[in-house]
Amino acid sequence: MIGVLVSGEGTNLQALLDAGLPVVAVASNRFAAPALTRASCATAAFELTDFPDRAARDAAMADWLEQQGVRLVVLAGYMHLLTPAFLDRFPDAVVNVHPSLLPEFPGAHAVEEQLAAGVGESGATVHLVDEGVDSGAVLAQERVPVLAGDTAETLHERIKSVEHRLLPEVVRELCAR
Ligand code: GAR
Numbered sequence: 002m003i004g005v006l007v008s009g010e011g012t013n014l015q016a017l018l019d020a021g022l023p024v025v026a027v028a029s030n031r032f033a034a035p036a037l038t039r040a041s042c043a044t045a046a047f048e049l050t051d052f053p054d055r056a057a058r059d060a061a062m063a064d065w066l067e068q069q070g071v072r073l074v075v076l077a078g079y080m081h082l083l084t085p086a087f088l089d090r091f092p093d094a095v096v097n098v099h100p101s102l103l104p105e106f107p108g109a110h111a112v113e114e115q116l117a118a119g120v121g122e123s124g125a126t127v128h129l130v131d132e133g134v135d136s137g138a139v140l141a142q143e144r145v146p147v148l149a150g151d152t153a154e155t156l157h158e159r160i161k162s163v164e165h166r167l168l169p170e171v172v173r174e175l176c177a178r
């Protein structure tokens, strides 16, 4: 049973849903995340301002996901770091998708930073999540060309089209274990 964490648009969540994967819960750090409207399963928002600190928020989010029967957590555009209060609850069972060839260009502005650096090649990475910024073990990676005239939008769309195939593939394999 899969729980998905989202912060934004949710196109990767949509790819997981379209792949027929058993998503039972979707949580966000933002009440206003458009992604929350995509799922017909249980949804919840855990805003930092509603908790004394990040660990308390993460513990509450882990409690809620466990109550929904979640065993595997997928970060699909979730833009907050997770603390041990969350990660210790799902050991080796939290994965993230990221728009670069990690360990190159971790962080929240990977696409813009790759264009600014003038790289000829970008990519999509699915990796295990640890306490660092996009730093856990890589599970799958695929290259994406950077084309002349690319903007952050056009490059990100090209990367996302790969993410939408790669993420469900990896999640399906993890579910089969
Ligand atoms: C995706 O490209 C994902 O790789 C990226 O946010 C986007 C979310 O799009 N994640 C990160 O940058 C994490 N560091 P979505 O909300 O449409 O799935």
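Letter by letter, the sequence shown follows residues 2 to 178 in the numbering used here.
Where a beta carbon is used, it is the ideal one built from N, C-alpha and C, also for glycine.
Please read these numbers as outputs of a predicted model, since none were measured by experiment.
Strand pairing of GLY124, partner residues [DSSP]: For GLY124, the beta-bridge partners assigned by DSSP are ARG144.
Per-residue burial, ASP19 [other beta carbons within 10 Å of its own, 16 or more giving buried]: ASP19 comes out exposed.
Helix, strand or coil at ASN13 according to DSSP, with G and I counted as helix: Reduced to three states, the DSSP call for ASN13 is helix.
The segment 138-149 touching the segment 82-92, judged by at least three CB pairs closer than 8 Å: No: fewer than three Cβ pairs fall under 8 Å.
PRO100 classed as buried or exposed, judged by whether at least 16 other C-beta atoms fall within 10 angstroms: Classification for PRO100: buried.
Cβ-heavy atom distance, VAL7 to ligand 1, below 8 Å: Yes, ligand 1 has a heavy atom inside 8 Å of this Cβ.
Cβ-based neighbour list, GLY119, same chain, cut-off 7 Å, excluding 5 preceding and 5 following: Cβ neighbours of GLY119 within its own chain (closer than 7 Å, five residues either side excluded): none.
ALA94, enclosing beta strand (DSSP E) - first and last residue: If you look at ALA94, you'll find it isn't in any beta strand (DSSP E); DSSP assigns it neither H nor E.
THR44 (DSSP reduced to helix, strand or coil): Of the three classes helix, strand and coil, the one that applies to THR44 here is strand, per DSSP.
SER136, DSSP secondary structure in three states: Collapsing the DSSP output to three states places SER136 in coil.
CB-CB length for ASP151 against LEU103, believed under 8 Å: ASP151 to LEU103, Cβ: 20 Å. No contact.
Nearest to GLY124 (by Cα), restricted to the options GLU113, ALA153, VAL163, ALA56: When only C-alpha atoms are compared, the closest one is VAL163.
Cβ contact (3+ pairs, closer than 8 Å) linking the segment 53-71 and the segment 32-41: Judged by Cβ distances under 8 Å, the segment 53-71 makes no contact with the segment 32-41, as fewer than three pairs qualify.
Any non-hydrogen atom of ligand 1 closer than 8 Å to GLY121 Cβ: Annotation for GLY121 indicates a beta carbon at 8 Å or more from all heavy atoms of ligand 1.
Per-residue burial, GLY1 [other beta carbons within 10 Å of its own, 16 or more giving buried]: This structure cannot settle anything about residue 1, because the visible part of the chain is limited to 2 through 178.
Check: CYS50 C-beta below 8 Å from any heavy atom of ligand 1: At residue 50 the sequence reads Thr, which differs from the Cys that was named. Flag unset: Cβ of THR50 not near ligand 1.
Cut-off 6 Å between Cβ atoms - residues of its own chain near PHE87, not counting five sequence neighbours on either side: Here the set comprises ASP59, ALA63.
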